[in-house]
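Enquirer: Residue numbers (full-length UniProt numbering): 1 to 141.
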């Protein structure tokens, strides 16, 4: 197997709905995302001959995703009252609403799926909330 790894990071806030602990309150992280690509055979022709993919394309794809979240308030859809959301929008907050609880585990799957949708042979994505704690997602083979 051949593989590539790249990483990117972003700053964003979130909270955990229906959680009983510190993380139920609004807080932020310097999120670090590490993505892995894996193939059995290298490309056979063209400008990417003998490569998994072009590193520049891989880095740009991950960076574009982290840029979407950078300096945003990541919110689980339906977790805040409509008037609260309206107030945040009126005040100019950058909101990124997702259809899942905003755990590192779910964000890892979100990044995985987004890279896979771009045709990248993604094998795993790690999402770090802190330098020592990360969640990862990979599909079973």
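Note that CB positions come from ideal geometry on N, CA and C, so glycine has one too.
What first and last residue would you give for the alpha helix (DSSP H) that runs through residue 109?
Expert: In the chain shown, the residue the question calls residue 109 occupies position 109. Its alpha helix (DSSP H) spans residues 104–117.
Enquirer: Relative to the C-alpha of residue 44, which candidate in 123, 53, 91 has its C-alpha closest?
Expert: In the chain shown, the residue the question calls residue 44 occupies position 44. If we check each option's Cα against that of residue 44, 53 comes out closest.
Enquirer: Name the residue from 69, 38, 75 whose alpha carbon lies nearest to the alpha carbon of residue 58.
Expert: Here residue 58 corresponds to residue number 58 of the chain shown, with the count starting at 1. Answer by Cα proximity: 38.
Enquirer: Counting along the chain, where does the beta strand (DSSP E) carrying residue 76 start and finish?
Expert: Stepping through the chain shown from its first residue, residue 76 is reached at position 76. 72–76 is the span of the beta strand (DSSP E), which, as asked, contains residue 76.
Enquirer: For residue 33 and residue 82, what's the separation of their Cα atoms in angstroms?
Expert: Translated into the one-based positions of the chain shown, residue 33 becomes position 33. Translated into the one-based positions of the chain shown, residue 82 becomes position 82. Cα to Cα, the separation comes out at about 31 Å.
Enquirer: From residue 26 to residue 71, what distance separates their C-alpha atoms?
Expert: Counting from 1 along the chain shown, the entry for residue 26 is found at position 26. Counting from 1 along the chain shown, the entry for residue 71 is found at position 71. Between residue 26 and residue 71, the C-alpha separation is close to 14 Å.
Enquirer: Output the distance between the C-alpha atoms of residue 41 and residue 23, rounded to the nearest integer angstrom.
Expert: Residue numbering aside, residue 41 sits at position 41 when the chain shown is read from its first letter. Residue numbering aside, residue 23 sits at position 23 when the chain shown is read from its first letter. When rounded, the distance between both Cα atoms is 43 Å.
Enquirer: Whole angstroms is fine: what's the gap from residue 51's alpha carbon to residue 3's?
Expert: Taking the chain shown and counting its residues from 1, the one referred to as residue 51 is at position 51. Taking the chain shown and counting its residues from 1, the one referred to as residue 3 is at position 3. Going from the Cα of residue 51 to the Cα of residue 3 covers about 9 Å.
Enquirer: What is the DSSP secondary structure of residue 47, reduced to helix, strand or coil?
Expert: Translated into the one-based positions of the chain shown, residue 47 becomes position 47. The answer is coil: DSSP assigns residue 47 none of H, G, I, E or B.
Enquirer: Residues in its own chain within less than 7 Å of residue 97 by CB, not counting five upstream and five downstream?
Expert: Counting from one through the chain shown, the residue named residue 97 turns up at place 97. Within the same chain, residue 97 has close Cβ partners 75, 77.
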